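Accompanying notes for the structure given below.
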Ligand SMILES: [Fe+2]
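Numbering (the numbering used here), first residue to last: 1385 to 1591.
Structure, rendered in structure tokens:
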């Protein structure tokens, strides 16, 4: 069994300033993300122990712990890659074409994504995802670290809307955080995820 580990960032904690401060990045990566990694490893260990003992009374709770913490680990691992100090203003190529086709224009996509991010009730994520059954790109509201997305949709771009992601910089002014996000998106990473989703993993889902 392989333990989960905290991935290194491709940039310094201060690299996303002024859009996201070094203090937030340091806490978010070294504390919050680390907690999910540790939690996912602990849940797996405890599940193995429970199986050895034949103690299945504890496994439903441990499965919930695993879903939450592994969700947190996966989500943040994608989020860090989606960001870049050299953020591009908008996507190009096939990703740009897909966004135009399914949302009408980049501006319409941006507005719908922003609206999804700002109306999450509680903690969660706004996501641009590839939906393999219809072959569309879609926007999703994702709750906590693990709830509310159909099986098989593949995240391309994720925005963390938990308060830990923005509160030190933006307090309650969420729209300014979302506005800042548009300046630091690594659209090349998002495009590579769409290409991989279309060519590979989606074959496992498509009826
Ligand atoms: Fe987070």
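Beta carbons: idealized from backbone N, C-alpha and C, even for Gly. Computed from a prediction, not measured in an experiment: that's the story for all the values here.
1) Are there 16 or more other CB atoms within 10 angstroms of the CB of residue 1534, so buried, or fewer, so exposed?
2) Where does residue 1511 sit, in a helix, a strand or coil, going by DSSP?
3) Report yes or no: do the stretch 1492-1503 and the stretch 1555-1571 share at least 3 C-beta pairs separated by less than 8 angstroms?
4) Cβ-heavy atom distance between residue 1566 and ligand 1 below 6 angstroms?
5) By Cβ distance below 6 angstroms, which residues in the same chain neighbour residue 1452 in space, the five residues on each side in sequence not counted?
6) Assuming residue 1540 and residue 1478 are in contact, meaning their beta carbons sit under 8 angstroms apart, how far apart are those beta carbons, in whole angstroms?
7) Contact criterion: CB-CB distance below 7 angstroms. Does residue 1561 meet it with respect to chain E?
8) State the start and end residues of the unbroken alpha helix (DSSP H) segment that holds residue 1567.
9) Per DSSP, which one or two residues make a beta bridge with residue 1526?
10) How big is the Cα-Cα spacing for residue 1508 and residue 1454?
11) Got a sec, what are the start and stop residues for the alpha helix (DSSP H) residue 1444 sits in?
12) Can we say the stretch 1437-1452 touches the stretch 1509-1527, given the rule of at least three CB pairs closer than 8 angstroms?
13) Return the bridge partner residues of residue 1531 from the DSSP annotation.
14) Would you list the one or two residues that DSSP bridges to residue 1538?
15) Relative to the C-alpha of residue 1498, which candidate in 1429, 1542, 1467, 1409 has its C-alpha closest?
16) Which residues in the same chain as residue 1388 place their Cβ atom closer than 6 angstroms to its Cβ, once the five residues preceding and following it in sequence are excluded?
17) Where does residue 1400 sit, in a helix, a strand or coil, going by DSSP?
18) Since residue 1520 sits in a beta bridge, which residues does DSSP pair it with?
19) For the candidate residues 1463, 1462, 1430, whose alpha-carbon lies nearest to that of residue 1448?
20) Whose C-alpha, out of 1485, 1466, 1510, 1487, is nearest the C-alpha of residue 1572?
21) Per DSSP, which residues does residue 1543 bridge with? Please list them.
22) Mark residue 1410 as exposed unless 16 or more other C-beta atoms lie within 10 angstroms of its C-beta, in which case mark it buried.
Let me lay it out:
1) Reading the chain shown from its first residue, position 150 is the one you call residue 1534. It counts as exposed.
2) The residue labelled residue 1511 in the question sits at position 127 within the chain shown. Here residue 1511 sits in strand by DSSP.
3) yes
4) Here residue 1566 corresponds to residue number 182 of the chain shown, with the count starting at 1. Checking every heavy atom of ligand 1 against the Cβ of residue 1566, none is found closer than 6 angstroms.
5) As a first step, residue 1452 must be located in the chain shown, where it is residue number 68. Hits under 6 angstroms: 1529, 1530.
6) To locate residue 1540, count along the chain shown from 1; it is residue 156. To locate residue 1478, count along the chain shown from 1; it is residue 94. Incorrect: roughly 12 angstroms between the Cβ atoms, too far for contact.
7) No chain E is part of this structure, which consists of one protein chain only.
8) Counted from its first residue, the chain shown places residue 1567 at position 183. No alpha helix (DSSP H) holds residue 1567; DSSP gives it neither H nor E.
9) Translated into positions along the chain shown, residue 1526 becomes position 142. Beta-bridge pairing links residue 1526 to 1509.
10) Counting from one through the chain shown, the residue named residue 1508 turns up at place 124. Counting from one through the chain shown, the residue named residue 1454 turns up at place 70. For residue 1508 and residue 1454, the distance between alpha carbons rounds to 15 angstroms.
11) Position 60 of the chain shown holds residue 1444. Where residue 1444 is concerned, the enclosing alpha helix (DSSP H) stretches over 1443-1466.
12) no
13) Your numbering for residue 1531 matches position 147 in the chain shown. DSSP lists 1527 as partners of residue 1531.
14) By one-based count along the chain shown, residue 1538 stands at place 154. 1514, per the DSSP bridge assignment.
15) If you number the chain shown from 1, residue 1498 lands on position 114. Cα-wise, what sits closest to residue 1498 is 1542.
16) Here residue 1388 is taken as the residue at index 4 of the chain shown, counted from 1. Within the same chain, residue 1388 has close Cβ partners 1421, 1424, 1425, 1457.
17) Within the chain shown, residue 1400 is the residue found at index 16, counting from 1. Residue state, collapsed to three classes: coil.
18) Taking the chain shown and counting its residues from 1, the one referred to as residue 1520 is at position 136. Partner(s): 1515.
19) Locating residue 1448 in the chain shown gives position 64, where the first residue counts as 1. If we check each option's Cα against that of residue 1448, 1430 comes out closest.
20) Position 188 of the chain shown holds residue 1572. Out of 1485, 1466, 1510, 1487, 1466 has the C-alpha closest to the C-alpha of residue 1572.
21) Here residue 1543 corresponds to residue number 159 of the chain shown, with the count starting at 1. Answer is 1510.
22) Along the chain shown, one-based indexing puts residue 1410 at 26. So residue 1410 ends up on the exposed side.
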